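*Asks:* Sending over a structure as structure tokens; questions will come in a sec.
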Amino acid sequence: MVSIILRKKRVLLPMLLLGIVGNAVADTRAPVTPDNDGLPAWVPLETCNQTSGKSTNGTPCYRQPAPIPFPNVMFKGPLYQPNMEVRTIKSGMNRTWILPASPATTTWGFFDYSSDEPPALEIAPGDSVAIETVVAGGGQVVPGITIDKLSYINGAVNGRGPHTMTGPIKVNGALAPQFGQRPVDFVAVHINKIRMLSYATNNSGDSAGLFPQYPLLPSGAVDTVSQMIWPNPRPAFIDSYYLDNEKMTAKFNDHITIPLRPFPGVLAVARSKEDIALPYYDPSNSASSSTSPGWCVPIPGILNMPKGCDTKQPGPWGGNLDIPVMTAGSTTYLPVFEDGAMIWTGDSHAAQGNGEIDLDALETAYPELNVTIDLVHTRDRPELGEWPIIETKKNWATIGYDLNMNTAMQKLLQETHRFIMAKYGLDDAAATVYLMKHWDCPISEVVDEVNGAYCLLPKTLRAPKSPDVLKQDSAKYWVSYQTHPSDLLTAMKNAAYELINHASGPLGISRGETYTLATFAMDCRIGRPNIAAGFSYSMSEPYSGPYAVSCRFPKSLLDKP
């Protein structure tokens with residue numbers, strides 16, 4: 007068992023040094039037990055038979071790895087900000103800062119909102135920051151970690167996400183809205199450049215990913231029907247990859263090469279006090295709200311137990327959006343819910359398809375995520391509403407996320423229609439015509455409880471009509487196309503599963519390997535829906551189908567002979 011209890015914030019286990027670190031000192035005043043914030047001997051403790059190593063629902067459980075002794079002292083933040091400025095870089099009135107990843111500037115699995123702690127960095131609008139990020143699991147998810155250790159890490163603390171976060175960055179002048187009002191300020195985070203580590207990992211879990219070995223029902227029982235419809239292509243695993251930062255590629259095997267396109271999987275602001283106060287969502291509890299789910303819990307091991315919010319689930323605050331267009335050159339506009347915005351980032355990706363289906367992307371960390379952060383007022387930009395907006399060189403991207411994939415699409419329709427009217431001054435009917443003409447809406451999120459999709463809109467009103475999604479193989483792609491009369495997620499699962507079966511042959515790899523490759527390179531998009539002028543975008547009258555999904559693999563993944 008672990009022989010210490012951590013009692014301050016910004017806990018990062020273990021990172022950089024071979025030890026357990028945090029901006030705290032060890033506290034040995036009480037014995038460590040599962041009841042007083044100590045780590046359990048087995049995960050999940052409450053359902054695990056320690057003789058068989060199986061939970062009561064038949065899924066595996068994992069024994070605690072041997073801990074590294076805790077070092078005597080780690081220094082708490084904040085860091086001394088004058089020594090974080092890049093003095094040789096000036097751009098008018100704006101300044102450039104370095105935000106290193108250290109125990110004083112990072113957290114593991116939580117966005118930590120302790121009001122008594124200062125931000126990791128405080129900047130003015132227009133300043134630039136060179137941010138360093140850390141791999142998942144508090145720096146432990148590196149080549150060589152075993153799937154047993156990783157499974158224990160991911161399940162040991164209730165409500166803790168897998169990601170290591172760097173932040174928060176406070177933006178002076180960013181104001182929270184008045185109670186009950188929509189956001190008045192947005193922070194614009196422009197990505198100038200990204201430098202990656204030389205390695206990445208990818209893993210899946212027993213009950214995680216789109217096609218897990220042990221899919222679970224809300225009650226916690228194994229979903230045997232899903233097991234029969236979509237048999238697991240590959241049991242829980244973890245792989246490692248070398249990233250060639252010069253060629254911007256990674257070798258999948260001796261004849262398949264993955265193109266790298268790095269982007270932050272998590273980019274977030276502080277959520278509202280009302281969101282933080284919501285009870286943590288529990289699908290097995292009928293009283294738990296699926297329309298207003300909470301994702302925040304008291305952080306174990308910290309004095310006074312302040313609430314931290316799970317890094318896993320995305321929302322209006324951004325977070326784990328997993329949208330591949332958020333790469334260098336893009337700008338993400340995030341609504342401000344608390345004064346100062348308080349920006350975090352992590353879950354640094356080297357590559358990811360549209361639909362991160364095996365659970366992870368090609369997961370790495372960034373020695374440098376270089377961003378310029380500005381402040382935008384909604385009075386000057388009426389197209390900014392209550393959800394993040396992404397801008398690329400050619401497109402705007404609107405988003406929709408929800409526990410239910412159908413509802414996520416309805417939110418996407420509603421937000422995209424609103425954006426088009428506000429941005430281009432079109433009326434209701436004209437905005438619908440524009441949306442259907444330029445329909446290009448990939449699926450971004452299907453494995454992190456909250457599901458999501460986004461729409462790419464051309465910046466010009468005179469852009470040509472977007473092509474329909476592919477329904478069969480082409481010269482450039484292997485394709486699977488599936489429809490469902492009433493459920494978008496089922497259409498997505500059927501299309502992705504069929505493509506895994508279809509493409510494994512020409513790719514010359516097993517179905518399990520194709521499942522892994524799909525999370526890096528598969529592109530799944532929603533087919534153009536049957537919507538015409540007069541459609542109601544109200545959440546009370548949602549689009550109800552039919553739904554179509556097209557998934558494709560680029561044939562360019564195969565090395566040329």
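Position 282 of the sequence shown, counting from 1, maps to 288 under my numbering, and the rest follow consecutively. From the three backbone atoms N, C-alpha and C, an ideal C-beta is built for every residue, glycine too. Note that the coordinates shown come from a computational prediction; the quantities given were computed from them, not determined experimentally.
Could you check which residue in Asp154, Gln233, Gly83 has the C-alpha nearest to that of Pro124?
*Replies:* Gly83
*Asks:* Between which two residues does the alpha helix (DSSP H) harbouring Ile426 extend?
*Replies:* 411 to 430
*Asks:* Would you kindly check if the distance between the Cβ of Arg166 and the Cβ of Phe117 is under 8 angstroms?
*Replies:* Taking 8 angstroms as the cut-off, the beta carbon of Phe117 is found no closer than this to the beta carbon of Arg166.
*Asks:* Go to Lys155, then tell me how far its alpha helix (DSSP H) extends in each direction, as first and last residue.
*Replies:* 153 to 161
*Asks:* Taking just the CA atoms, how far does Tyr543 sit from Asn160?
*Replies:* 38 angstroms
*Asks:* What separation, rounded to the nearest whole angstrom, lies between the Cα atoms of Asp474 and Asp446?
*Replies:* Each residue's alpha carbon lies about 8 angstroms from the other.
*Asks:* Just to check my reading of the structure: Ser480 and Leu505 have Cβ atoms closer than 8 angstroms, yes? What is that Cβ distance to the nearest angstrom?
*Replies:* That pair is no contact at about 13 angstroms.
*Asks:* Quick one: grab the DSSP three-state call for Val27.
*Replies:* Only weak support exists for where Val27 lies, its pLDDT of 32 falling under 50; the coordinates are left without a value.
*Asks:* Using the Cα positions of Ala502 and Val147, report the straight-line distance between them to the nearest angstrom.
*Replies:* 27 angstroms
*Asks:* Determine, using beta-carbon pairs with one atom in the region 405 to 425 and one in the region 531 to 547, whether at least three such pairs fall under 8 angstroms.
*Replies:* yes
*Asks:* What span of residues does the beta strand (DSSP E) with Gln488 cover, start to end?
*Replies:* Here the beta strand (DSSP E) through Gln488 covers 483 to 490.
*Asks:* Secondary structure at Tyr521, three-state DSSP: helix, strand or coil?
*Replies:* helix
*Asks:* Which parts of the region 492 to 517 are runs of the beta strand (DSSP E), unbroken and 3 residues or longer, counting only runs that do not cross its ends?
*Replies:* Runs found: none.
*Asks:* Roughly how many angstroms lie between the CA atoms of Glu389 and Ala403, to the nearest whole one?
*Replies:* 12 angstroms
*Asks:* Among Ile379, Val303, Met348, which residue has its Cα nearest to the Cα of Ala130?
*Replies:* Ile379
*Asks:* Under three-state DSSP, which class holds Phe526?
*Replies:* helix
*Asks:* Is the beta carbon of Tyr339 less than 8 angstroms from the beta carbon of Pro394?
*Replies:* yes
*Asks:* Measure the C-alpha to C-alpha separation of Thr152 and Tyr68 and round it to an integer number of angstroms.
*Replies:* 12 angstroms
*Asks:* If you count every other CB in all the chains shown that lies within 10 Å of the CB of Met311, and 16 or more means buried, which is it?
*Replies:* exposed
*Asks:* Quick one: using the 10 Å Cβ neighbour count with 16 as the cut-off for buried, is Ala367 buried or exposed?
*Replies:* buried
*Asks:* Using only CA atoms, which one of Asp250, Ile305, Cys315 lies nearest to Val275?
*Replies:* Cys315
*Asks:* Quick one: is Ala293 buried, meaning 16 or more other Cβ sit within 10 Å of its Cβ, or exposed?
*Replies:* It counts as exposed.
*Asks:* Return the residue from the list Glu455, Ile449, Pro265, Pro330 that minimises the CA-CA distance to Asp565.
*Replies:* Pro265
*Asks:* Helix, strand or coil for Ala436? Go by DSSP, reduced to three states.
*Replies:* Three-state result, Ala436: helix.
*Asks:* Out of Leu476, Arg517, Ser108, state which residue places its alpha-carbon closest to the alpha-carbon of Cys557.
*Replies:* Leu476
*Asks:* Which residues in the same chain have their Cβ closer than 6 angstroms to the Cβ of Phe425, if we skip the five residues on either side of it in sequence?
*Replies:* Glu389, Thr404
*Asks:* Does DSSP classify Pro109 as helix, strand or coil?
*Replies:* coil
*Asks:* Might you give, ordered along the chain, the residues of its own chain that have their beta carbon closer than 7 angstroms to the beta carbon of Pro40, omitting 5 neighbours on each side?
*Replies:* With a pLDDT of 45 at Pro40, under the threshold of 50, the modelled position of that residue is not reliable, and no figure is offered here.
*Asks:* Just to check my reading of the structure: Leu273 and Thr351 have Cβ atoms closer than 8 angstroms, yes? What is that Cβ distance to the nearest angstrom?
*Replies:* 5 angstroms
*Asks:* Which residues does DSSP pair with Trp350 in a beta bridge?
*Replies:* Ala274
*Asks:* By the DSSP assignment, the beta strand (DSSP E) with Gly179 in it spans what residues?
*Replies:* It is not in any beta strand (DSSP E) - Gly179 carries neither H nor E in the DSSP assignment.
*Asks:* Any heavy atom of the ligand NAP inside 7 angstroms of the beta-carbon of Tyr287?
*Replies:* With respect to the ligand NAP, the structure offers nothing, as it holds no ligand at all.
*Asks:* Which of the three DSSP states is assigned to Met171 in this structure?
*Replies:* It is a strand residue.
*Asks:* Can you tell me whether DSSP reads Glu455 as helix, strand or coil?
*Replies:* coil
*Asks:* Output yes or no for whether 8 angstroms exceeds the beta carbon distance between Ser134 and Thr172.
*Replies:* no
*Asks:* Secondary structure at Asp328, three-state DSSP: helix, strand or coil?
*Replies:* For Asp328, the three-state secondary structure derived from DSSP is coil.
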